[in-house]
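Take a look at the structure set out below.
Protein chains: 2
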Amino acid sequence: MSEGRGAPDSAQDPASYPPPPRSPGPRRSAARSSVPQKVAEALSSQYGLNVFVAGLLFLLAWAVHAAGVGKRHLLSLLTVLMLLQLLWMLWYVGRSYAQRRLIRPKDAHAGARWLRGSVTLFAVITIILGCFKVGYFIGFSECLSAAEGVFPVTHALHTLLQVYFLWGHAKDIIQSFKTLERFGVIHSVFTNLLLWANSVLNESKHQLNEHKARLITLGFRNITMELDDHSPPCNCSPTRLCTALMQGMYYLYPFTIEYQILASTMLFVLWKNIGRSVDGGRPPRAGLRLRGVLAGSALGLGALAATLGVVAVYLVHIGRSKAKSEAALAMFYLYAIALLLLMGAAGLLGIRIYRVDEKSLDQSKNPARKLDADLLVGSASGSWLLSWGSILAIACAETRPPYTWYNLPYSVLAIAEKYIQNLFIIESVHREPEGLPEDVCTLRVVTVCNGAAPACSRPGDAGAALDAKGSPRPQPGRGEAQQEAARRERGGPSSARPAQFLEGSAKKRVLRNITAFLFLCNISLWIPPAFGCRPEYDNGLEEVVFGFEPWIIVVNLAMPFSVFYRMHAAASLFEVYCKI
Amino acid sequence: MSEGRGAPDSAQDPASYPPPPRSPGPRRSAARSSVPQKVAEALSSQYGLNVFVAGLLFLLAWAVHAAGVGKRHLLSLLTVLMLLQLLWMLWYVGRSYAQRRLIRPKDAHAGARWLRGSVTLFAVITIILGCFKVGYFIGFSECLSAAEGVFPVTHALHTLLQVYFLWGHAKDIIQSFKTLERFGVIHSVFTNLLLWANSVLNESKHQLNEHKARLITLGFRNITMELDDHSPPCNCSPTRLCTALMQGMYYLYPFTIEYQILASTMLFVLWKNIGRSVDGGRPPRAGLRLRGVLAGSALGLGALAATLGVVAVYLVHIGRSKAKSEAALAMFYLYAIALLLLMGAAGLLGIRIYRVDEKSLDQSKNPARKLDADLLVGSASGSWLLSWGSILAIACAETRPPYTWYNLPYSVLAIAEKYIQNLFIIESVHREPEGLPEDVCTLRVVTVCNGAAPACSRPGDAGAALDAKGSPRPQPGRGEAQQEAARRERGGPSSARPAQFLEGSAKKRVLRNITAFLFLCNISLWIPPAFGCRPEYDNGLEEVVFGFEPWIIVVNLAMPFSVFYRMHAAASLFEVYCKI
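Quick note, the sequences are listed as chains A and R, same order.
To convert, count from 1 in the first sequence and add 32; that's the numbering used here.
To convert, count from 1 in the second sequence and add 32; that's the numbering used here.
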């Protein structure tokens, strides 16, 4: 299952890029350490997979109420894993502090500041959730095991130290003690993934219970209606406080889920970077500029406001009566169709701009970027699974209530929009940075402005007007532009390049508006499934066609990826925005 | 889901290897074609994933007897996908023939001859299975739709052309018309994966039905016992022929399953190679030498014979009576424990030999090798899931019949053996080839034999005695050996290297014996699960702890990967054997 999907690694870098400065260091040290690089990788990744697989089975056993597996055992396992990670992080931080005078290589692409910022934000909410859980434990302390109190405390400590660790060390490229480092990092990756799976499972059970209670009103009474109850067998002492805590917890879960997965992706990049040789070359420092994106952000904020309204109405109306449920579903579908149409159009426009302005892509090695692209395509597959399920259900159903017809365009658009958006994001993050270094720009002004090249004062398309004399060794990818410039200097006929239908700065402005709009729309579309507005459950059609159990299993497996997709796409679009 | 597991790509190649000959061709053409490399990759991979996801849902719908989805629809979909692939392959082969005078780059590592050989062998069995299916269709022709007759015929044609295609084009590195090629190749990859999933599903249903019939004898009567029946609603005209055909089909399915997955991995490597720049450098031509592996192959053949006996006894005894079933299970576990212990010991010995003979690993880019390593670790995860499930079940069960105790060491050993074997294979395939080219060897004889380097006439460890003068530009990874040789020449103290506890050729012989033994053992362990000897079903313990439905779902999802692991490990070990 691994690989396969996702944009694979570029195969061209060695040939097409000037070779990076020769640094035999890491390779030698790999040969000198007791276990070579590749084997250390396999050693640690197999350890991590075993931890993950065993943990998943524990989760499954708890979820299906397996004989002999209680919440107590599950939480104890997670606590032990977190404590192990805590110890390792303390050791790593301590050693780094002791060796702080050594100059160590860093991956400038990993752990961007905004990424660490959002991890911190979500971590704060996770700690608040931890406080809620401690309160819940105190309320039910008569009948809950100690593990349910120890777990949230450990988790809060773990969160604090992990955020500190990620701020200080997410960019590290570890070169020494590789095997031990690898084990620690991969242990951290899979511990976070297990915590993610645990939160997802809790959230899914909650949603499923709410759904079962609702479903009856839509007229599907013939489906088994057993609530999957894990609530403790005693009463909470201040009842109203307990109810408030339990209600509140489920509004905080979506943020915890995002925190865990973000942390594990950052740790995974750290793992991929172990023993890597650095290519040098910092990426141009991208800042957040908010000028000139009024249209995009206004539209996006409008979408966000509309989403909040639609979700509120949906949650109030769904499950009240059959008519109200159907109206809520129809409203949601119509709203989502309109939004997805706009997003698809924006994405297509962005791709069209890129197609007109042909440029070769940056193919350099960059584990963080590769992981981002793989995660985009991989997590989109979860949502495609749901959409294809809906399409198949509509095609096969025997009776189709009117509101289910909106489901068809919605599903088709959900597939198409993700397809387009992924293409847009992948092309954007692989574009070579627009601004050239200072010295090249000066050279351009001196040598090109004497010739016939137009628009020399525009920094945006410096590459297109670059003189062949400017860089004696032909830089790959700019060859065409150089030939073009040379042809112009010789007075020869210009090659048939498509006319630029948008000038440099206008093009940038349009792209930035598109990105801002898509960013806000993705945040908008993250909200409904994360907070319980799930038409895949509520419309009931798929459940009739596939059967209740199989469809619920499909939704519970695919939905976490679908929810993660929106947040991850928003994060990627934020990065694209800063880069344009 | 993508990435994460598996040995990730080497991050060192650009820095540590001499840069390959600069070939700006592919990059230029990527810039000139309408869609850049990365975007074309994402375009096609997303298309492929959508085809796959939609097909999987169709399979699921059929498997759960969804309303309105019959076998007819499923087979029609698969037939259309195969016809599309057929058309594309014909176009590709025709175009290649028209341009046969052009010199095109090839990936020497892709599509090894033995791999194409085994694909051919399995394809022949697949075509025989097709004939069986046509016979079955004729027998039941009264009540079967035309799709059930068209499908096996199309599949046979598809198999024939695909094997021809793989023989001729598996090594191609496609440089022109990239977008169309990418779509065709990825369509082929996922069509084969869907055919694989279809075969796996048929096989799983068959196994599950057999299991349900058996389970009652073991005393677990309280589990739902509905047979999942897809048999046609009329009688077959020559009854005995029909029974023979149906019996025979299930003995051929395992081979078809292997054919489909092998074909799709070869096509996937072809896809990864599109637009790649070639690193030059053919791998040394490895031949199959059978001298000096008597011990390993004798032990391995013994294991194979014992397996056949155990499987026969198991299949005869299981499900006859409770006592017979328990005896069969105990016999199987004891046999498997002994075999896994031997295999683990052999793997550890191999790793120990590598650790003593320190050498840097070949880190060059090689999509075929990377895919192999990822598949090994990925498919092992399927089997780890099952083993951890057994361990958890034993830990949590309330009553434990005596034979279930054998399950614990069996599961632990199954995890450990795969862990060790993967390390051995990954290190083996990444070792730099032992034999140096002729001219380097001559140089060595001339320059080194005058000095103090020992054992110059042994070609096996030429690298270890290579003089520094022999290669003016220090080849990475041999630095140590050169320093060592230089130190010896200066008469200085030798560095504290561990004493070689096995000489060069003896080391090779031991490694070759280990590999031959492991190869035959993996074939042996492929047989039991592929032909219906599945203690995970039959021992009943996991089903009591997890519940029947959840455990059956876990087994049906994980078992195909577990079966694939054995065949894939055998293939990798064959490659290792040829290389040593």
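Backbone N, C-alpha and C fix where the C-beta goes; we use that ideal spot for every residue, glycine too.
Where residue i falls: helix, strand or coil (DSSP)
i	result
Arg463 of chain R	strand
Asp406 of chain A	helix
Leu176 of chain R	coil
Ala602 of chain R	helix
Glu20 of chain A	Since the first residue shown for chain A is 33 and the last is 612, residue 20 of chain A is missing from the structure and cannot be characterised.
Thr436 of chain R	helix
Ala400 of chain A	helix
Pro592 of chain R	helix
Ser309 of chain R	coil
Arg566 of chain A	coil
Gly126 of chain R	helix
Pro264 of chain R	coil
Ile458 of chain A	helix
Ile426 of chain A	helix
Ile612 of chain A	coil
Amino acids of chain R, ordered along the chain, whose beta-carbon sits closer than 7 angstroms to that of residue i
i	result
Pro582 of chain A	Leu92 and Val96
Cβ-heavy atom distance, residue i to the ligand ZN, below 7 angstroms
i	result
Cys268 of chain A	In the structure shown, the ligand ZN is absent, as is every other ligand, since no ligand is present at all.
One or two residues paired with residue i in a DSSP bridge
i	result
Leu393 of chain R	R:Arg463
Lys138 of chain A	A:Asp204
Residue i at chain R interface by Cβ criterion, 8 angstroms
i	result
Tyr597 of chain A	no
Pro68 of chain A	yes
Arg529 of chain A	Residue placement at Arg529 of chain A is flagged as unreliable, the pLDDT there being 43, under the threshold of 50; the coordinate-derived value follows with that caveat. By this cut-off, Arg529 of chain A is not an interface position.
Trp420 of chain A	yes
Pro592 of chain A	no
Ile293 of chain A	no
Val409 of chain A	yes
Short CB-CB distance (under 8 angstroms) between residue i and chain A
i	result
Tyr367 of chain R	no
Leu424 of chain R	yes
Val577 of chain R	yes
Tyr442 of chain R	no
Leu468 of chain R	At Leu468 of chain R the pLDDT is 44, less than 50, meaning the model places this residue with poor confidence; the figure from the coordinates comes in the next sentence. Closer than 8 angstroms: no.
Trp416 of chain R	yes
Gln507 of chain R	For Gln507 of chain R, the predicted model reports a pLDDT of 40, less than 50, meaning its position is unreliable and no value from the coordinates is stated.
Ala74 of chain R	yes
Leu615 of chain R	Residue coverage of chain R in this structure runs from 33 to 612, which leaves residue 615 of chain R outside it and unanswerable.
Ser61 of chain R	Its pLDDT being 40, under 50, Ser61 of chain R is placed unreliably in this model, and the value from its coordinates should be taken loosely. Ser61 of chain R does not count as touching chain A.
Leu299 of chain R	no
Leu380 of chain R	no
Residue i, enclosing alpha helix (DSSP H) - first and last residue
i	result
Leu361 of chain R	Lys354 to Val388
Tyr285 of chain R	Thr271 to Asn305
Pro561 of chain A	Gly536 to Ala562
Cys163 of chain R	Arg145 to Gly171
Arg133 of chain R	Counting along the chain, Arg133 of chain R falls outside any alpha helix (DSSP H), and DSSP gives it neither H nor E.
Thr431 of chain R	Per DSSP, Thr431 of chain R belongs to no alpha helix (DSSP H) and is neither H nor E.
Ala327 of chain A	Leu326 to His349
Gly100 of chain A	Counting along the chain, Gly100 of chain A falls outside any alpha helix (DSSP H), and DSSP gives it neither H nor E.
Asn82 of chain A	Gln69 to Ala95
Partner residues on chain A for residue i, Cβ-Cβ distance less than 8 angstroms
i	result
Trp228 of chain R	Those within 8 angstroms of Trp228 of chain R in chain A number zero; the least Cβ separation is about 12 angstroms.
Ala99 of chain R	Cys428, Ala429, Glu430, Val576 and Val577
Interface partners of residue i on chain A, CB under 7 angstroms
i	result
Val71 of chain R	Leu455, Ile458 and Glu459
Tyr451 of chain R	Gln78
His462 of chain R	Lys70
Ser413 of chain R	Leu81 and Val85
Ile447 of chain R	Asn82
Interface residues of chain R facing residue i [CB-CB closer than 9 angstroms]
i	result
Leu240 of chain A	Those within 9 angstroms of Leu240 of chain A in chain R number zero; the least Cβ separation is about 15 angstroms.
Taking beta-carbon pairs under 9 angstroms, can you tell me which members of the stretch 322-349 of chain A lie near chain C?
This model lacks chain C altogether, as its protein chains are A and R.
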